[in-house]
Amino acid sequence: MSAVTRRVRALPIRARLSLLVAAAVAFAVAAVSVTCWFIVQDKLYQQLDDELEKAARLTSPQQVDQIRMALANCTQDTGQGGFRNTYSQVVTADGTTCLFANSVGEIKVTAADKKVIENAGNTEPLTRNGTDEDGNALRVRTVPMTLGNPLTQESSRAALVAAVPLKGTESTLNDLALILLLCSGLGVLGAGAAGLAVARAGLRPVDRLTEAVEHVARTEDLSVAIPVDADAEDEIARLSRSFNSMTASLASSRELQQQLIADAGHELRTPLTSLRTNIELLTRSEETGRPLPDADRKALLASVKAQMTELAALIGDLQELSRPDTGQHTGRTRILAWQDIVESALRRARLRGPELTITADVEPWYVRAEPAALERAVVNILDNAVKFSPEGGVIDVRLTEGTLTVRDHGPGISPAELPHVFDRFWRSESARSLPGSGLGLSIVARTVQQSGGEVTLAPAEGGGTVATIRLPGAPVPPPETPAPEDPPQP
Numbered sequence: 002m003s004a005v006t007r008r009v010r011a012l013p014i015r016a017r018l019s020l021l022v023a024a025a026v027a028f029a030v031a032a033v034s035v036t037c038w039f040i041v042q043d044k045l046y047q048q049l050d051d052e053l054e055k056a057a058r059l060t061s062p063q064q065v066d067q068i069r070m071a072l073a074n075c076t077q078d079t080g081q082g083g084f085r086n087t088y089s090q091v092v093t094a095d096g097t098t099c100l101f102a103n104s105v106g107e108i109k110v111t112a113a114d115k116k117v118i119e120n121a122g123n124t125e126p127l128t129r130n131g132t133d134e135d136g137n138a139l140r141v142r143t144v145p146m147t148l149g150n151p152l153t154q155e156s157s158r159a160a161l162v163a164a165v166p167l168k169g170t171e172s173t174l175n176d177l178a179l180i181l182l183l184c185s186g187l188g189v190l191g192a193g194a195a196g197l198a199v200a201r202a203g204l205r206p207v208d209r210l211t212e213a214v215e216h217v218a219r220t221e222d223l224s225v226a227i228p229v230d231a232d233a234e235d236e237i238a239r240l241s242r243s244f245n246s247m248t249a250s251l252a253s254s255r256e257l258q259q260q261l262i263a264d265a266g267h268e269l270r271t272p273l274t275s276l277r278t279n280i281e282l283l284t285r286s287e288e289t290g291r292p293l294p295d296a297d298r299k300a301l302l303a304s305v306k307a308q309m310t311e312l313a314a315l316i317g318d319l320q321e322l323s324r325p326d327t328g329q330h331t332g333r334t335r336i337l338a339w340q341d342i343v344e345s346a347l348r349r350a351r352l353r354g355p356e357l358t359i360t361a362d363v364e365p366w367y368v369r370a371e372p373a374a375l376e377r378a379v380v381n382i383l384d385n386a387v388k389f390s391p392e393g394g395v396i397d398v399r400l401t402e403g404t405l406t407v408r409d410h411g412p413g414i415s416p417a418e419l420p421h422v423f424d425r426f427w428r429s430e431s432a433r434s435l436p437g438s439g440l441g442l443s444i445v446a447r448t449v450q451q452s453g454g455e456v457t458l459a460p461a462e463g464g465g466t467v468a469t470i471r472l473p474g475a476p477v478p479p480p481e482t483p484a485p486e487d488p489p490q491p
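Residues in the sequence shown are numbered consecutively from 2, following our numbering.
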């Protein structure tokens, strides 16, 4: 990369846009100016050529006689006849130059003129730029001719060479070039200024966006928003809307995170307080030498064990919820036989509620999901059904065409509580006396959504609650994916 390129890239974007506009205008103006100059030059030269053609046209016997007399009486510095207000002379094949009396001066003969004389009768007149003996610029026309010498009665080759000064034409062209140069310079400067003004106006929304980003980075205030015209559809407006959407999402995520921390602290405080109280009672009995009765000691130890189990379950649920919401992109998803997942969860549910009757009607269905997460979601649904079912109750489980329904015959959920059942740490009035963290259904909703499905809870006809999970899939596995084996027995 050249030093110039590095310096240009180091400039602010406004300066680069101004330079780009100025360079584009300079190129356009230069192209127009050069084209205009050459067109004017061609027109002026065409006028001179027309004037020379008229001056050097041999149309009358008197002109021919003048040329013959000039050849007969020619010396190096004089001649007879001529054309008024022009350079005019006759040049013979041997290089002799005969000036006409009215000639302004002598034209310097070139090799091109001599070639025209040599080919007289077989060539066209030659028009060129030349000079006189004093170096003045001329426009020259050389007309070849063959003339008879009246003294020797022999034919000789010669050329009539006429010219007009180029001083006026060159002065006009120089003045035109100066005017075009000045206009081009003014145009480039004006274009640069206009480009800078346009760049400032166009980048003003970017300045606002930059200030907003710097403000967020400095203060971590995600409430800032960039004003956007509702009717604007350009790139800057889209960028501003995307920034506002991003800050709103970050603010919502931060609020959820803070809420999760607050709720987790609140939920952890109760079992920790109870655990500390029980441990203090046990410690005090050991320190004072007054042991607790065996029944009380066993009850305290059982309570400590239950509270530790509750803490472990709560921490596991929090770890599950703290995972990024990218279950479909972690590399741990694969094609699963959902019926096998349901059968494995049913075996665990029957061990936890041996006094309950769990009926199952499971049809094959294959889905793409994370095995452990999906099994945990099904287990949580079945655990809720076991927890709220009366002793000796019945739980109906059915999996058909990708829809899993779990129906219990418990107390059910009131319509006022249904909108909150998937909220984190939310527990109904009837469930607060039962073990649990209030995170199970939140984990279920998260897992199902990551797998592209949906989950609902609704009152069942005749009492109880029915939980429904729908996952996209197919009744048979894809051809390239072999059907998974049944999971091992627990």
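We put the CB at the ideal spot given by N, CA and C, even for glycine.
If the criterion is Cβ atoms closer than 8 Å, does the pair residue i and residue j meet it?
i, j, result
"SER172", "SER34", "no"
"TRP366", "PRO476", "yes"
"VAL395", "ALA346", "no"
"ARG15", "ALA192", "no"
"ARG371", "ARG333", "The question names Arg, yet the displayed sequence has Glu at residue 371. Their beta carbons are under 8 Å apart, which means GLU371 touches ARG333 by this criterion."
"VAL368", "PRO473", "yes"
"LEU197", "VAL41", "no"
"ASP384", "ARG351", "no"
"THR401", "GLU364", "yes"
"ALA468", "ILE382", "yes"
"THR98", "ALA121", "no"
"GLN1", "PRO272", "Look at the range of the chain in this structure, 2 to 491, and you will see that residue 1 is not part of it."
"PRO145", "THR124", "yes"
"LEU49", "THR170", "yes"
Just tell me which of the options has its CA closest to the CA of residue i.
i, options, result
"LEU181", "LEU240, LYS44, ALA31 and THR360", "ALA31"
"ALA374", "ALA160, ALA338, PRO145 and ARG447", "ARG447"
"ASP208", "ALA238, THR358 and ARG335", "ALA238"
"ALA461", "GLN450, THR406 and VAL449", "THR406"
"PRO416", "THR466, ARG408 and GLU402", "THR466"
"PRO420", "LEU440, THR457 and GLN451", "THR457"
"ALA300", "ASN279, ARG291 and ASP384", "ASN279"
"LEU302", "ALA313, PRO145 and SER275", "SER275"
"PRO126", "THR143, THR132 and LEU161", "THR143"
"LEU223", "THR36, ASP424, ILE414 and ASN245", "ASN245"
Using the Cβ count rule (16 or more neighbours within 10 Å means buried), how would you classify residue i?
i, result
"ALA163", "buried"
"PHE28", "exposed"
"GLU392", "exposed"
"ARG285", "exposed"
"PRO228", "exposed"
"THR289", "exposed"
"ARG377", "buried"
"ARG408", "buried"
"HIS410", "buried"
"PHE423", "buried"
"GLY266", "exposed"
"ILE262", "exposed"
"THR87", "buried"
"ARG140", "buried"
List the endpoints of the continuous alpha helix (DSSP H) containing residue i.
i, result
"THR448", "441-451"
"ASP409", "Run containing ASP409: none; DSSP gives neither H nor E here."
"ASP424", "Run containing ASP424: none; DSSP gives neither H nor E here."
To the nearest angstrom, how far is it from the Cα of residue i to the Cα of residue j?
i, j, result
"PRO166", "GLU134", "13 Å"
"SER243", "SER390", "48 Å"
"THR327", "ALA459", "Because THR327 sits at a pLDDT of 49, beneath the cut-off of 50, its placement in the model cannot be relied upon, and the following sentence gives the value as read from the coordinates. Taking the straight line from one Cα to the other gives about 28 Å."
"SER89", "LEU183", "39 Å"
"THR404", "ILE470", "6 Å"
"GLY47", "GLU54", "Note that residue 47 is Gln in the sequence shown here, rather than Gly. Rounded to the nearest angstrom, the two C-alpha atoms are 10 Å apart."
"LYS109", "LEU20", "50 Å"
"PRO13", "THR248", "27 Å"
"GLY463", "PRO412", "11 Å"
"ILE250", "SER443", "Sequence check: residue 250 is Ser here, not Ile. Answer to the nearest angstrom: the Cα atoms are 20 Å apart."
"GLN81", "LEU187", "Confidence at GLN81 is low in this model, with a pLDDT of 40, below 50, so its placement is unreliable and the value that follows should be read with caution. Near 55 Å, if we compare the C-alpha coordinates of LEU187 and GLN81."
"ASN103", "ALA23", "55 Å"
"LEU100", "GLU107", "7 Å"
"ASP95", "ALA159", "9 Å"
"VAL105", "ALA195", "54 Å"
"GLU221", "VAL214", "10 Å"
"VAL117", "GLU52", "20 Å"
"ARG85", "VAL189", "Any reading at ARG85 needs caution, since the residue's pLDDT is 49, under 50, leaving its predicted position unreliable; the model's value is listed next. Roughly 47 Å separates the two Cα atoms."
"GLN329", "ALA361", "Caution applies to GLN329, whose pLDDT of 46 falls short of 50 and renders its modelled position unreliable; the value that the coordinates give is listed next. Cα-Cα distance, rounded: 29 Å."
"ASP176", "VAL92", "35 Å"
"VAL26", "SER253", "49 Å"
Let's see if you can read the secondary structure: which residues bound the beta strand (DSSP E) around residue i?
i, result
"SER89", "88-93"
"ASP397", "395-401"
"GLY131", "127-132"
"PRO460", "455-460"
"ASP176", "No beta strand (DSSP E) holds ASP176; the alpha helix (DSSP H) holding it covers 168-220."
"ILE342", "Run containing ILE342: none in the beta strand (DSSP E); it sits in the alpha helix (DSSP H), 339-353."
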